[in-house]
Amino acid sequence: MKDFEEFKNLSDVIIADRFDSTLEDVKEKVYTRDIFNNNGVVT
């Protein structure tokens, strides 16, 4: 699949290692290990 927007529309669930702003509009479908939404940045 070459169209990411189509992928998001067709997907019921999206599994991602890290949350990214491109997933913001489908965040209810996203499951990620990035529970603090900081992409692994230690503060």
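Each residue of the sequence shown is one higher than the last, beginning at 11 in my numbering.
C-beta: ideal position from N, C-alpha, C; glycine also.
From residue i to residue j, what distance separates their C-alpha atoms?
{"i": "residue 11", "j": "residue 43", "result": "24 Å"}
{"i": "residue 24", "j": "residue 45", "result": "15 Å"}
{"i": "residue 17", "j": "residue 27", "result": "17 Å"}
Looking at the unbroken beta strand (DSSP E) that takes in residue i, where does it start and where does it end?
{"i": "residue 32", "result": "It is not in any beta strand (DSSP E) - residue 32 carries neither H nor E in the DSSP assignment."}
{"i": "residue 40", "result": "40 to 42"}
Among the residues of its own chain, which have a CB less than 8 Å from the CB of residue i, if the five just before and after it don't count?
{"i": "residue 47", "result": "29"}
{"i": "residue 36", "result": "18, 21 and 24"}
What does a CB cutoff of less than 7 Å around residue i pick up in its chain, not counting 5 residues either side in sequence?
{"i": "residue 21", "result": "39"}
{"i": "residue 33", "result": "24, 26 and 40"}
Assuming residue i is part of the alpha helix (DSSP H), what are its boundary residues?
{"i": "residue 46", "result": "Neither: residue 46 is in no alpha helix (DSSP H) and is coded neither H nor E."}
Mapping the DSSP letters down to three states, classify residue i as helix, strand or coil.
{"i": "residue 23", "result": "coil"}
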